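Protein chains: 2
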Amino acid sequence: MTVHPKDRMTTHSPAAAADRTGVSLDTLRYYEREGLIGPIRRSAGGRREYTEDDIFWIGLVTCFREAGLGIADLRGFVAILRAEHSPQDRVAFLAERRAALEHRVAALRRAMEVLDEKIAYYGADS
Amino acid sequence: MTVHPKDRMTTHSPAAAADRTGVSLDTLRYYEREGLIGPIRRSAGGRREYTEDDIFWIGLVTCFREAGLGIADLRGFVAILRAEHSPQDRVAFLAERRAALEHRVAALRRAMEVLDEKIAYYGADS
DNA sequence: TCTTGACCTGGAGCGCGCTCCAGACCCGAG
DNA sequence: CTCGGGTCTGGAGCGCGCTCCAGGTCAAGA
């Protein structure tokens, strides 16, 4: 018990965070401004220090962005997970989002079917 | 053989086309300007007359838009199907687009997994 | 101490995909 | 012939999601 756990907490510079997450510095700041991540802890000099948890959360945000969710959606996601809500509320919200994603998958499948049809048509005469 | 087939070709007013396709008048004009549809035949007075084929094609465009393809992608799609290209070129192009859609589906699935995980977590204490 | 480069903030700019608008034209009903 | 609604064109405006920039601060190395 010579050290506190916190003393061991490694943090990342903005550049390192950008590197690890694949998100640009500008976008990291933008996400923070929009309330999607953070607020990120600052050093004495005012520089951001991203914790491992921050990095993880940024990964989640990126995952949802890649799935096509908008900034507002993500903000809702943050709100429901951070603020105090009943498990029912959370599950309801999450299930609704999930359904929306399923609709997107369905739209993609429809487009793929059209593509497959065309491919079959042009591929017929080998 | 008292009539030519063309005489029977029913056309649609812009309003009717918008109604049938669920695409706004402005967007129909926008798509035409961008070369995604048409050019649409005009009446003597200069009004657009959408054929049944036009309507069908607009449906395809809508399908791809809903799947998240951009205007430029759609333009490529039009180009490859309309201009003279070897079946191989067409199939290659179509297959590439299909693969892109599959990546999008994968991204959606990843996001859904995260959602499922959270739902399981909050749903645990029934 | 001085230099250098990473980082800070606030705000402007941009590409996309529409959406809206003004001002003019067409045309069928009355 | 007049009226009114549908349509035309060209261009401006908008929301989103970044991206870029200027001007200044901080901090580690020579």
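As you go down the protein sequences, you meet chains A and B in turn.
Using our numbering, the first residue of the first sequence is number 2, and each one after it goes up by one.
Using our numbering, the first residue of the second sequence is number 2, and each one after it goes up by one.
Glycine included, C-beta positions come from ideal geometry on N, C-alpha and C.
Note that the coordinates shown come from a computational prediction; the quantities given were computed from them, not determined experimentally.
With H, G and I counted as helix, E and B as strand and the rest as coil, what does DSSP make of residue i?
i: Glu35(B); result: coil
i: Thr28(A); result: helix
i: His5(A); result: With a pLDDT of 40 at His5(A), under the threshold of 50, the modelled position of that residue is not reliable, and no figure is offered here.
i: Thr12(A); result: strand
i: Gly23(B); result: coil
i: Ala121(A); result: helix
If residue i sits next to residue j, beta carbons under 8 Å apart, how far is it from one beta carbon to the other, in whole angstroms?
i: Ile120(A); j: Val92(B); result: 6 Å
i: Ile123(A); j: Pro88(B); result: Strictly speaking, residue 123(A) in this sequence is Tyr, with Ile absent from that position. Yes, they are in contact, since the Cβ atoms of Tyr123(A) and Pro88(B) sit about 4 Å apart, within 8 Å.
i: Arg66(B); j: Gly36(B); result: Rounded, the Cβ-Cβ distance is 14 Å, inconsistent with contact.
i: Gly69(B); j: Arg110(B); result: Incorrect: roughly 15 Å between the Cβ atoms, too far for contact.
i: Ala18(B); j: Ile56(B); result: 6 Å
i: Leu116(A); j: Arg98(B); result: 6 Å
i: Thr11(B); j: Gly60(B); result: Incorrect: roughly 16 Å between the Cβ atoms, too far for contact.
i: Ser44(A); j: Glu50(A); result: 6 Å
i: Tyr31(B); j: Val62(B); result: 11 Å between Cβ atoms; not a contact.
i: Ala84(A); j: Cys64(B); result: Not quite, the Cβ-Cβ distance comes to about 38 Å (not below 8 Å), so this is no contact.
Cβ closer than 8 Å: which chain A residues qualify as neighbours of residue i?
i: Gly124(B); result: Pro88 and Val92
i: Val79(B); result: Under the 8 Å cutoff, chain A gives no residues; its nearest Cβ is about 12 Å from Val79(B).
I want to verify the contact list: residues of chain B whose CB lies under 7 Å from the CB of residue i, in sequence order.
i: Gly69(A); result: Gly69
i: Arg98(A); result: Leu116
By the criterion of Cβ-Cβ separation under 9 Å, what are the contact partners of residue i in chain A?
i: Leu75(B); result: None at all; the shortest Cβ gap to chain A is about 11 Å.
Which chain B residues sit within Cβ distance under 8 Å of residue i?
i: Leu128(A); result: Look at the range of chain A in this structure, 2 to 127, and you will see that residue 128(A) is not part of it.
Exercise. At what residue ranges does the region 33 to 110 of chain B contain a whole run of the alpha helix (DSSP H), taking only runs of 4 or more?
Worked result: The qualifying runs are 53 to 67 and 72 to 83.
Problem set entry | Contact residues within the region 100 to 119 of chain A, judged by C-beta distance below 8 Å to chain B | Flagged, chain order: Leu102, Glu103, Arg105, Val106, Ala108, Leu109, Arg110, Arg111, Ala112, Met113, Val115, Leu116, Asp117 and Lys119.
For this session: May I ask you to list, following chain order, the residues of the region 45 to 65 of chain B that have a beta carbon less than 8 Å from some beta carbon of chain A?
Result: Taking 8 Å as the Cβ-Cβ cut-off, the region 45 to 65 of chain B approaches chain A at Leu61, Cys64 and Phe65, given in chain order.
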